[in-house]
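Asker:
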Amino acid sequence: MTIDLKGKVVLITGASSGFGEDAARLFAAHGASVVLAARRIERMQAEVERIQASGGEAMATPVDVTNRADIENMVKSVLENYGQIDILFNNAGFGRMDWLEALDPARDIHTQIAVNLTGLIEVTHAVLPYMLQRNNGHIINMSSVAGWLAAPTFSIYAATKFGVRGFTDALRREVAHRGIQVSGIYPGPAATEFSEHTGKSNIKKGFKLPGGITMTSEYVARQVLKTAKHPRRAVILPWWFAPIIWFDGAFPTITDWIQTSVSKKYHN
Ligand code: NDP
0 MTIDLKGKVV LITGASSGFG EDAARLFAAH GASVVLAARR IERMQAEVER IQASGGEAMA
60 TPVDVTNRAD IENMVKSVLE NYGQIDILFN NAGFGRMDWL EALDPARDIH TQIAVNLTGL
120 IEVTHAVLPY MLQRNNGHII NMSSVAGWLA APTFSIYAAT KFGVRGFTDA LRREVAHRGI
180 QVSGIYPGPA ATEFSEHTGK SNIKKGFKLP GGITMTSEYV ARQVLKTAKH PRRAVILPWW
240 FAPIIWFDGA FPTITDWIQT SVSKKYHN
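Counted the way numbering that gives the first Met the number 0 counts, the sequence shown spans residues 0 to 267.
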């Protein structure tokens, strides 16, 4: 069964750039009323104007997902304007990749956990009661391939994204019988502003991804839209990360050996 997005109210966090911004445009093009939420309000306002100019329905609301009062104001503003939330796309996040001892405790450790994991949980906690009231809704959580595969310099990022996966799976099993779907999105590398915030570790400088491996932001956003139309438990992108994830689970000693040799080369 395909879910018709026309008239659905979609709340997207992290909608000022990358996957969130592209998803906002795509959801609006499919007839949904879209609420863009993030800290950079001018960026979102510009996207809202583009959506409205092409006949779509959208609004922007400022939120720092590490701030509970902001989250509550965001939810209040969506309900005042549209009366309900049908789809929550929990997408806000960032990554700081470096050797653990090189990470700054406040900016790189606490804030990364506060945005990627605690923020996502708190936004869900604030929205869920309104979905439960209607026995209807879909929560789509942005994790990462790093929510399955833990690589050197990804210690905190992987901790947050493994956390998102655990939260997603547990919540799905809690609320499925109340008519609420919960999906996890697990992308590999994609071209967004994400890489501008990841830091300058020597592994990043020395270790280049093979050409052609990086997805476009629009491609990932299209898969999110597809997930909203056909809810799935987990969406791994691109598909060929699925056998790699399986391999890691089946033969962790081999993955340890490969990844340790990378660390030996760059961790000095
Ligand atoms: P971008 O940097 O383009 O987007 C990140 C978004 O998160 C921005 O809209 C930013 O908005 C928002 N954000 C960051 N901090 C906060 C905060 N405290 N409160 C509210 N919003 C915040 O990167 P992507 O589009 O790539 O990232 C989106 C998600 O996808 C993230 O969760 C990321 O971990 C995940 N991901 C990305 C991959 C990639 O390779 N690009 C791969 C796998 C997963 P603002 O600064 O305006 O607040």
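By construction, the Cβ of each residue, glycine as well, lies at the ideal position given by its N, Cα and C atoms.
#1: Where does Ser182 sit, in a helix, a strand or coil, going by DSSP?
#2: Taking 9 Å as the cut-off, decide whether the C-beta atoms of Ser182 and Thr167 are in contact.
#3: Just to confirm, is the Cβ distance from Ala28 to Ile11 under 9 Å?
#4: In three-state DSSP terms, what is Leu25?
#5: Can you have a look at Ile155 and say buried or exposed, based on whether 16 or more other CB atoms are within 10 angstroms of its CB?
#6: According to DSSP, is His109 part of a helix, a strand, or is it coil?
#7: Would you call Leu99 buried or exposed, if buried means 16 or more other Cβ atoms sit within 10 Å of its Cβ?
#8: If you compare alpha carbons, which of Lys264, Val163, Gly19 and Met0 is closest to Gln111?
#9: Is His196 near ligand 1, going by C-beta to nearest heavy atom under 8 Å?
#10: Is Phe88 helix, strand or coil when you go by DSSP?
#11: DSSP on Met141, reduced to helix/strand/coil?
#12: Taking C-alpha atoms, which residue in Lys199, Ile257 and Ile235 lies nearest to Ala101?
#13: Does the count of Cβ pairs from the segment 37 to 46 and the segment 79 to 87 closer than 8 Å reach three?
#14: So is the beta-carbon of Asp63 under 8 Å away from any non-hydrogen atom of ligand 1?
#15: In chain order, which alpha helix (DSSP H) runs of at least 4 residues are fully inside the segment 203 to 257?
#16: Per DSSP, which residues does Ile11 bridge with? Please list them.
#17: Please state whether the Cβ-Cβ distance between Ile138 and Thr123 is less than 9 Å.
#18: Hey, is Met141 close to ligand 1, as in C-beta under 8 Å from one of its heavy atoms?
#19: For Met130, report the span of its alpha helix (DSSP H) as first-last.
#20: Could you tell me which of Asp97, Ala249 and Ile184 sits nearest to Leu236, measuring between CA atoms?
#21: Taking buried to mean at least 16 other C-beta atoms within 10 Å of its own C-beta, is Asp3 buried or exposed?
Answerer: With the given structure in hand:
#1: Here Ser182 sits in strand by DSSP.
#2: Taking the C-beta atoms as reference points, Thr167 is found nearer than 9 Å to Ser182.
#3: Inclusion of Ala28 and Ile11 in the CB contact set at 9 Å is not warranted, their separation being larger than that value.
#4: Reduced to three states, the DSSP call for Leu25 is helix.
#5: Around the Cβ of Ile155, a 10 Å sphere holds 16 or more other Cβ atoms; the residue is buried.
#6: Residue state, collapsed to three classes: helix.
#7: Exposed, because fewer than 16 other Cβ atoms sit within 10 Å of the Cβ of Leu99.
#8: Nearest neighbour of Gln111 by Cα position, chosen from Lys264, Val163, Gly19 and Met0, turns out to be Val163.
#9: Under cutoff, so the answer is yes.
#10: Collapsing the DSSP output to three states places Phe88 in a strand.
#11: Reduced to three states, the DSSP call for Met141 is strand.
#12: In terms of Cα proximity to Ala101, the closest of Lys199, Ile257 and Ile235 is Lys199.
#13: Per the Cβ contact rule, the segment 37 to 46 is not in contact with the segment 79 to 87 (fewer than 3 Cβ pairs under 8 Å).
#14: Yes; taking the cut-off as 8 Å, the Cβ of Asp63 has a heavy atom of ligand 1 nearer than that.
#15: Secondary structure remark: continuous alpha helix (DSSP H) runs of at least 4 residues inside the segment 203 to 257, in chain order: 216 to 228 and 240 to 249.
#16: In the DSSP output, where bridge partners are listed per residue, Ile11 has Leu35 and Phe88.
#17: At a Cβ-Cβ threshold of 9 Å, Ile138 and Thr123 count as neighbours.
#18: Result yes, Cβ under 8 Å from ligand 1.
#19: Per DSSP, Met130 is one residue of the alpha helix (DSSP H) stretching across Leu119 to Arg133.
#20: Closest option to Leu236, Cα to Cα, is Ile184.
#21: Of the residues assessed, Asp3 falls on the exposed side of the cut-off, its CB having fewer than 16 other CB atoms within 10 angstroms.
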